[in-house]
Amino acid sequence: MTQDDLFNKPADRFLSKEECAFIASEARKFANGGGITALRIESKWMGNIRWARNNIISSGDVRSNVLRVGRGINGAAANVTINEVSLRALERAVHRAERLTNLRPEAPADIMDSYMAPYEEPKIWFDSTYVLLAEARADLAHDLMQPAAKAGVLSAGYIQVSGTGLSRQREVGASPYTRFTEAQFSVTVRDPKNYGSGWAGIDWNDWNRIDGKQIVETALDKCLRSRNPVAIEPGRYMVVLEPQATHDLVSGMFGGGILERKIAEDTQVPSGPYALRRGYSKIGLRIVDPRITIRFNPLDPNCSFPPFDQFGEVYRETKWIENGILKELAYNRRYGVEKLGRDYALPSQGSYSMSGGDSTIETMISNTERGLLVTRLMIERVISSQQLLATGVTRDGLWLIEKGKVSQAVKNLRFTESPLFVLNNLLEMGKPERVFSPGTPAVAPPIRAQDFSFTATVDAI
Amino acid sequence: MQFNTMSKLIINSIGNLTDSFFSQAVGLFKSLSIGALFLVSFVLPLRAQVLSSSADTGRMAWGHKDFSRYDRPSMCDRAAMLTGGYETRKYDPDTILQIREDVDTPLPEEVVEVVKNCLSTLSTDSIDPRQTWSLVRAMLAINEDERSRKPIDKLLVNGKTRADTMHVLGKAMTLYLEVTPTRLDLALYYARLLDSLVTGAGVQVVRFNIRNNIANHWMRKYVVDSVKKYASEAIKIYRYMDPTEQDMVPIHSLFGNLINIANERGDVAAQEAILDTARELMSEWRQDDGRSWLDRTTRSVDIRRSMYGRKTQPLQGAFWLNNQGVPRPTTGKISLVVMVNHNCGTAIRCVSQFIALKRLQAIYGDKLDLTLISVTQGYAPASGVLTPREEAEAIAKYFTGFHKLSAAILVDEAPVYTIEDGRVLRDLAPIVHTFNELGSVNAILTDSEGRIRWLGNLRSENDRKPLVLTINRILEEE
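As given, the protein sequences belong to chains A and B, one line each in that order.
Per my numbering, residue 21 is the first one in the first sequence, and the count goes up by one each step.
Per my numbering, residue 25 is the first one in the second sequence, and the count goes up by one each step.
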């Protein structure tokens, strides 16, 4: 590869492994003053199409390159982030990083830089996703909006496909590179006259695993069945949560740094849902129903994701919760070395795979004397991060269950509930399945739980 | 005027940023201070650029000494700051600004010269009112305290609103709350004026700045021979406060500072005199923690009295490295034993300590035998999980290789146990207990006969001073 190849010719939709390595080698040529030059590169192509009221309204094709150029001289390290792939931009970034190192104290090399664990490459690249260009997406969208149009209702949908190259270019040791595709499709169908609304969505790395027609049918069916809802009194109800609703509720247990072990046990004040008391986490204690096991594995074919994070920390297969007992919390290598005597990191990514049971949604409904069937939950605000108590509303399909049967659609309700409470009030679980969770793939089961707290009726559709 | 006046003013005002109270009065000053901090933080370290830009570009730059173009006080202020910063770098070449210790030294002549030249054509009447504070700062830089009041009083007279007046008074106080008694009086004068406008506002400003140790610095200039007199003067700031305010300020820290000064001189009798004064004066304050402080300090002073002059035994620990087979402290040389931490990276407290050690070695060379003590933590800089032996070797490499300190290394092993959630916890190593028994000190200085001559804490450049005094005294004796 030459400079002309990379910098003066139209690039592919995102940077390849060779191109990332070439950029790193070119950046190193600009380095003055010795030390190391390291780059983190996230290069992404993303195509999308969106429709609303049965008409396509936008189509996008986005390409972005984020290059984080790091210089370390005598341990004084500094980073500069750029989004332009050119020799001039690289030169300026390297020199700016060098100037910044002048302002930093010197130190031995960071513990985080000195090690890269081996990893297996999950199957996360699919040509079927990458070839879905604008024309194909438009054809798809056209077909997928027809059922709703024929039924006399309105649909709004969004298809997104992307290809990403993620690389960490280091001066010594391994320079990992991984590429992956992501595809997502979600659709909302609404009956503007009769307050009916249905939603369905899914995401996979492989577009071929997305059955668009099935998703549209599901959303349309929910829309038609949820028309003319009646208001019911808020209160504590038995609920049957569809997999997406389960995910909406419990995903908060695994995202946004909430799994960080340091936060749970290495703070002056107990913090987060996994903190027990000052200095101690709940590791080893049962925190949810013993039927629940939460797995995390980038190689899981039903829930796969890139094998390392932006810092080069390799995701390891683990069980955060096993048989209801909190087994592990996430930590970086520094925490592992300093506090646990372990020479590795256990990063989390927000992704999870939840165990299930033998039941089905139909069985759960038939076992319910009086309760609610919930399509999805929209969490608006976390009230207490200690208990993960959150408030939000039900959306896109809520039905009353009476005497083992779905009796009628009901108006949406506001809930105030914690996933920790719900997962301790479990009655039944069904077969887990992939749910809509772009970027952090998740597998969740339908569940039946008692005493779910609804606090108000809302006019949300 | 002191060398680091500008830095202190900046630091003091930035400290105020965290407090919501009084924001109205000091708001403008904060923004000015942030600008100044930017200047200090980003301009000063680039000395290579500074040195290369001596050509007259028509803009303010290093080496630009054509004062006919300095037509605004802010230029004088900036010239003083740039020159002062440059002189700082010359004085402490291996210290980046952020970790430079707050040391009082005379303002360099270069700075005084720059400011005097710059101010020669400027006066209170000739400047834009918006430049008043720059003028005041420049005047303070060359110790023209009384003259500096004129522009402030002019602002007060011309202030149109109550907020204007509060702003001027608050800012004046912050500028004057400095290290000399004259300015302290000026600060209190403006504090009282401010209090007459808003009850308690002046007290708040005083309190914030005391928290930043201005008063302590002031005390540091006066010493132990007239302890009672100066201790009484120190607490006049506290007398000005109401009782609830007094509770929030640890008055004993003033006495603690005085005792440290006495300890710098190895004067145990003076320490006891200060303690007596503290007992007498502190009885009128309501602080509960004062009593426990008195107990702790009394114990430390007792320990020092009993240990000074006592002959030491060689230290014992798990691993000796770089010691040529001879346990330390040893006889035949002045010996300094210091407890250090090898895993605090670029934390300012540690970097400051290492710089102080380097300077001591630079001053005394082979005359001073240095021993560093650390304890195992299971890991070392840039390493993974280590066995105690590996860690001891990594520690030795870190101090002798990375920090280039020529020292014997003693690494003691901390008892390890694992709790049920998988965490590895470490107990205090035996050597730490030994140092705790000596009154929570981290450094011991012995003379060539192995007798203890100084016990205390070597944490930064400030703490180097007593060691230099003591070592010089020992060298003179020997």
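Even glycine gets a Cβ: it sits at the ideal position worked out from N, Cα and C.
Being a predicted model, the structure only gives us computed values, none of them experimental.
Within a 10 Å sphere around the beta-carbon of G92 (chain A) sit 16 or more other beta-carbons, which makes this residue buried.
For the segment 439-454 of chain B, the beta-carbon criterion of a distance under 9 Å to any beta-carbon of chain A is satisfied by V440, T442, I443, E444, D445, G446, R447, V448, L449. In terms of beta-carbon proximity, K143 (chain A) stays away from the interface with chain B, with every pair separated by 8 Å or more. Around L360 (chain A), the beta-carbon contacts reaching into chain B at under 7 Å are G446, R447, V448. For the pair L443 (chain A) and L410 (chain B), the Cα-to-Cα distance works out to about 41 Å.
The bridge partners DSSP lists for R88 (chain A) are A:R60, A:T101. For V160 (chain B), there is no enclosing beta strand (DSSP E); the enclosing alpha helix (DSSP H) has its first and last residue at 156-165. Cα atoms of T355 (chain B) and V192 (chain A): separation of roughly 47 Å, rounded to the nearest angstrom. Taking 8 Å as the Cβ-Cβ cut-off, the segment 396-413 of chain B approaches chain A at Q401, G402, Y403, P405, A406, S407, G408, V409, given in chain order. Residues of the segment 344-375 of chain B that bring their beta carbon within less than 7 Å of a beta carbon in chain A comprise G369, T370, V375, in sequence order.
At a cut-off of 8 Å between C-beta atoms, A462 (chain A) does not count as an interface residue with respect to chain B. Chain A places a beta carbon closer than 8 Å to that of F426 (chain B), counting this residue as a contact. Between the segment 368-380 of chain A and the segment 389-406 of chain A there are fewer than three C-beta pairs closer than 8 Å, too few to call the two in contact. Take the alpha-carbon of S36 (chain A) and the one of V413 (chain A): they are about 43 Å apart. Approximately 4 Å separates the beta-carbon atoms of S484 (chain B) and S376 (chain B); this is inside 8 Å, confirming the contact. For Y200 (chain B), no chain A residue has a C-beta closer than 8 Å to its own C-beta; the minimum C-beta separation is roughly 32 Å. Classified as exposed, G333 (chain B) has fewer than 16 neighbouring CB atoms from the shown chains inside 10 Å of its CB. If one requires a minimum length of 4 residues, the alpha helix (DSSP H) runs lying completely within the segment 197-273 of chain A are 232-245, 263-270, in chain order. For the segment 303-323 of chain A, the set of positions with a beta-carbon nearer than 8 Å to some beta-carbon of chain B reads I303, G304 in chain order. Inter-segment contact for the segment 338-355 of chain A and the segment 167-179 of chain A is absent: fewer than three beta-carbon pairs are separated by less than 8 Å.
Y388 (chain B): member of the alpha helix (DSSP H) spanning 372-388, first to last residue.
Here V456 (chain B) has V399 as same chain residues with Cβ atoms under 7 Å from its own Cβ, once five neighbours each way along the sequence are excluded.
Runs of the beta strand (DSSP E) spanning 3 or more residues and lying entirely within the segment 415-476 of chain B occur at 432-436, 440-442, 448-450, 467-470, in chain order. Chain order gives the chain B residues near V357 (chain A) as Y403, G408, V409, where near means a beta carbon separation below 7 Å.
Rounded to the nearest angstrom, the Cβ distance from V334 (chain A) to Y139 (chain A) is 4 Å, consistent with a contact under 8 Å. F328 (chain A) sits in a strand when the DSSP states are folded into three classes.
Rounded to the nearest angstrom, the Cβ distance from V448 (chain B) to L360 (chain A) is 6 Å, consistent with a contact under 8 Å. If the five residues before and after E422 (chain A) are omitted, its C-beta is found closer than 6 Å to the C-beta atoms of R390, all from its own chain and listed in chain order. Y422 (chain B) belongs to the set of residues whose beta carbon lies under 8 Å from a beta carbon in chain A. Under the 8 Å criterion on CB atoms, P125 (chain A) is classed as interfacial with respect to chain B. For the pair V207 (chain A) and N322 (chain A), the Cα-to-Cα distance works out to about 22 Å. Only E285, Y300, S301 from the segment 281-301 of chain A bring a Cβ to less than 8 Å from some Cβ of chain B. Inclusion of A420 (chain B) and L345 (chain B) in the CB contact set at 8 Å is warranted, their separation being smaller than that value. Under the Cβ criterion (8 Å, minimum of three pairs), the segment 234-243 of chain A counts as touching the segment 207-218 of chain A. DSSP, read as helix, strand or coil, puts M105 (chain B) in helix.
Annotation: the continuous alpha helix (DSSP H) that includes A113 (chain A) extends over 107-121.
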